[in-house]
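In the numbering used here, the protein residues as written are 23 to 257.
Note that CB positions come from ideal geometry on N, CA and C, so glycine has one too.
For clarity, every value in this text was computed on a predicted model and none was experimentally measured.
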Ligand code: UDP
């Protein structure tokens, strides 16, 4: 499949049309942003890690019965995916307190929850992705009640598959963000990416951070953390 015109350029990826309207090609960049785009930088090699890791995890999820947009890896940075219209919700699952959860509720990071939590935010840059609940999402026409129920079930299923998988790599899956898309027939599939940009990964023995928090918080060793996750996945 060949790259045709560029359809879109986001913060971390470019999307190109192909000859087939049902498929697009995603190209992963090394550009990194944080704090609503206020912090900008480059994480050398990130595009390769995110592309390959995300594809690996999508294949794993497909085997467990989770439909995804993944089609074929073309190269280290480029992948063919099903063309979807993105449901404008960021779906966040948490197993351990961290980040905005810890800040919002005034708790420390590292509290292991008895059950995972889910939250949604409205994917809208102008509004800075405000938090909303499922009723708000239906009221705004972002998705139907049935679609949200489906997304919720898929998100928890994805969490149980990934949590077990990362445990076997001695990594705690602290939290992560998912995005879902709709195929032309209305089927909802997992889209976007699953990578150290979108997940918090802590070494399960030392709690060392192996994800984008090293960039967000200026902890140093950013590239090494992405490489370490890559090594564990492709051991
Ligand atoms: N996340 C993301 N994109 C966003 C916001 C969050 O991928 O725009 C991921 C983030 O990497 C973390 C999880 O979602 O794994 C929960 O993030 P949180 O709400 O704690 O926000 P943050 O502290 O990153 O602002």
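Status (buried if at least 16 other CB within 10 Å, exposed otherwise) for residue i
i, result
"residue 91", "buried"
"residue 61", "exposed"
"residue 136", "exposed"
"residue 126", "exposed"
"residue 202", "buried"
"residue 29", "exposed"
"residue 180", "buried"
Bounding residues of the beta strand (DSSP E) (the contiguous stretch that carries residue i)
i, result
"residue 63", "61-64"
"residue 197", "193-204"
"residue 174", "Segment 167-190 is the alpha helix (DSSP H) holding residue 174; no beta strand (DSSP E) there."
"residue 233", "Taken as a continuous stretch (DSSP letters only), residue 233 belongs to no beta strand (DSSP E), as it is neither H nor E."
"residue 31", "28-31"
"residue 36", "35-39"
Segment limits, alpha helix (DSSP H) that includes residue i
i, result
"residue 212", "No alpha helix (DSSP H) holds residue 212; the beta strand (DSSP E) holding it covers 210-213."
Best match in the options for proximity to residue i [C-alpha to C-alpha]
i, options, result
"residue 171", "214, 141 and 185", "141"
"residue 228", "58, 194 and 162", "194"
"residue 243", "50, 67 and 42", "67"
"residue 219", "80, 55 and 27", "55"
"residue 260", "98, 216 and 120", "The structure shown does not extend to residue 260, since the chain spans only 23 to 257, so no value can be given for it."
"residue 239", "138, 26, 28 and 63", "63"
"residue 34", "40, 198, 53 and 43", "53"
"residue 110", "73, 162 and 139", "162"
"residue 251", "237, 224 and 241", "224"
"residue 83", "209, 178 and 226", "178"
"residue 138", "80, 197, 46 and 159", "197"
"residue 255", "81, 32, 40 and 27", "81"
"residue 134", "149, 116 and 237", "116"
"residue 96", "89, 73, 168 and 182", "73"
"residue 253", "39, 78 and 26", "78"
"residue 113", "47, 208 and 151", "151"
Requested in this report: Please list the segments of the alpha helix (DSSP H) lying wholly inside the region 126-158, counting only runs of 4 or more residues, in order along the chain.
Outcome: none
Query - Unbroken stretches of the beta strand (DSSP E), 3 residues or longer, contained in the region 80-113 - result: 92-95 and 100-104
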